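Trainee:
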Amino acid sequence: PPMLGLDVVQGNFGISVPLQEIPLSYYQIEKLSDVRMEDFDVVMIPGAFCPWNMVAAGAPIEFLKKAHDAGKIIAAICHGPIAVAAADLVNGKKIAGVSSCKDALRIMGGTYNNDWAAAIDGQIVTARTPPEVPEFLDAITEALLSQ
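In terms of full-length UniProt numbering, the sequence shown has 126 at position 126, counting the first letter as 1, and numbering is strictly consecutive.
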């Protein structure tokens, strides 16, 4: 069924994506301020515009800091490590991510290597791009099992 009168959304890289209407009750959405640390084990940050939206909003970056301080795994893929850097969590860490972010990640003290599909450094798990999702998921699992 159409959503807001549209059947197809223009995605990144000119890819057309069929849009499905999802009932609002399908996913429970909570305010970030209502999320309790004991209710999750991993914070996963996708790429694209998400990290810049997190930085602009501010509260999600503070949430990352608190989650890290609480011992949670912080996982980010593609452009996602930018949010981890904004939370001052990459200094001295091995960081994978999309190559366009390498300079920013290095400036923030991260050790970046474009050859890494995924990297685990303590609580920080990062991966290069969507084709490396299998390696990313394996790295998250490994990090969880090592806690």
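Beta carbons: idealized from backbone N, C-alpha and C, even for Gly.
This one's a predicted model, so the numbers in the text were calculated from it and none came from an experiment.
Can you list, in chain order, the residues of its chain whose CB lies under 8 Å from that of A59, leaving out five sequence neighbours each side?
Mentor: Indexing the sequence shown from 1 puts residue 59 at position 59. Correct list, in chain order: L32, S33.
Trainee: Of all the options H68, M54, G110, which has the alpha carbon lying nearest to the alpha carbon of N91?
Mentor: One-based indexing of the sequence shown puts residue 91 at position 91. The option with the nearest alpha carbon to N91 is G110.
Trainee: Apply the 10 Å Cβ neighbour rule to R128 and answer buried if 16 or more other Cβ atoms are within range, or exposed otherwise.
Mentor: Here residue 128 refers to the residue found at position 128 when the sequence shown is read from its first residue. With 16 or more Cβ atoms within 10 Å of its Cβ, R128 is classed as buried.
Trainee: For the structure I just gave you, are there three or more beta carbon pairs, one from the stretch 113-129 and one from the stretch 65-83, closer than 8 Å?
Mentor: A contact exists between the stretch 113-129 and the stretch 65-83.
Trainee: Please report the straight-line C-alpha distance between residue 155 and A139, rounded to a whole angstrom.
Mentor: In the structure displayed, the chain extends from 1 to 147; residue 155 sits before or after that span and is not available.
Trainee: In three-state DSSP terms, what is K102?
Mentor: Along the sequence shown, one-based indexing puts residue 102 at 102. Residue state, collapsed to three classes: helix.
Trainee: Report, in whole angstroms, the separation of the C-beta atoms of I74 and V43, which I expect to be a contact under 8 Å.
Mentor: As a working note, residue 74 is residue 74 in the sequence shown. As a working note, residue 43 is residue 43 in the sequence shown. About 5 Å; that satisfies the 8 Å criterion.
Trainee: Rounding to the nearest angstrom, what Cα-Cα distance links Q147 and E38 in this structure?
Mentor: Indexing the sequence shown from 1 puts residue 147 at position 147. Indexing the sequence shown from 1 puts residue 38 at position 38. Going from the Cα of Q147 to the Cα of E38 covers about 15 Å.
Trainee: Ends of the alpha helix (DSSP H) at A86?
Mentor: The count along the sequence shown starts at 1 and reaches residue 86 at position 86. 81-86 is the extent of the alpha helix (DSSP H) around A86.
Trainee: Could you tell me which residues DSSP puts in a beta bridge with residue 162?
Mentor: Here the chain comprises residues numbered 1 to 147, so residue 162 is not present and cannot be evaluated.
Trainee: Name the residue from C78, D41, A48 whose alpha carbon lies nearest to the alpha carbon of E132.
Mentor: Along the sequence shown, read from residue 1 onward, the residue named residue 132 stands at position 132. The option with the nearest alpha carbon to E132 is C78.
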